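The opening position of the sequence shown corresponds to residue 71 in the working numbering, with each subsequent residue numbered one higher. Where a beta carbon is used, it is the ideal one built from N, C-alpha and C, also for glycine. Being a predicted model, the structure only gives us computed values, none of them experimental. Read through the structure below, which is laid out as structure tokens, and then see the notes.
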Amino acid sequence: MNHPNSFPKSEHLCGEKRITRLFTQGNAFIAYPLRVVYLIEPKKDAETASVMVSVPKKRFKRAVKRNRLKRLMREAYRLNKQELTEKLNQKEMQIHVAFNYVSDDVLDFAQVEKKMKVALLRLMEKI
71 MNHPNSFPKS
81 EHLCGEKRIT
91 RLFTQGNAFI
101 AYPLRVVYLI
111 EPKKDAETAS
121 VMVSVPKKRF
131 KRAVKRNRLK
141 RLMREAYRLN
151 KQELTEKLNQ
161 KEMQIHVAFN
171 YVSDDVLDFA
181 QVEKKMKVAL
191 LRLMEKI
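This is the structure in structure tokens:
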């Protein structure tokens, strides 16, 4: 069993088919500066939540800034995901989530974490 605050590779959303299905069939909302696309399903896999993080090249030309923002978003998710996974386990559901960064400004970790908490609370309400 992994540590509850870890974010292993098995929780990363990857694979073209899964990502395409998420964006075509999933629902979305904005918790500025994050756009959250999610798809809730009955549990099939071992993992309850699979997550993808993206920052558009159109807004941030430098890879350094994109990578930093992705790192901040992953860390904020990792620290605050526990309630979401517990609720999914109780209801025997699984969720696929994509967090897209939509702001033109680089925010610090405190702001990103605050907005990630808002996004995760809204996801819990949808379950």
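Between the CA atoms of valine 182 and phenylalanine 145 - distance to the nearest angstrom = For the record, residue 145 in the displayed sequence is glutamate; it is not phenylalanine. Those two C-alpha atoms are separated by around 10 Å.
Output the distance between the C-alpha atoms of leucine 149 and histidine 73, rounded to the nearest integer angstrom.
-> Leucine 149 and histidine 73 have their C-alpha atoms roughly 11 Å apart.
What are the residues that DSSP puts in a beta bridge with histidine 166?
-> Leu109, Ser120
May I have the straight-line CA-CA distance separating tyrosine 147 from tyrosine 108, to the nearest angstrom?
-> 14 Å
Would you say the segment 112 to 120 touches the segment 132 to 141, given that touching needs at least three Cβ pairs under 8 Å?
-> no
Quick one: what's got a C-beta closer than 8 Å to isoleucine 89's C-beta in the same chain, skipping five residues either side?
-> Non-local beta-carbon contacts of isoleucine 89 in its own chain, meaning distances under 8 Å to residues more than five positions away in sequence, involve Leu83, Met122, Ala168 in chain order.
Close-in-space but distant-in-sequence residues of the same chain around lysine 187 (CB under 6 Å, 5 per side omitted) = Asn150
Specify the secondary structure class of isoleucine 197 as computed by DSSP and reduced to three states.
-> coil
Consult DSSP for asparagine 159 and reduce its assignment to one of helix, strand or coil.
-> helix
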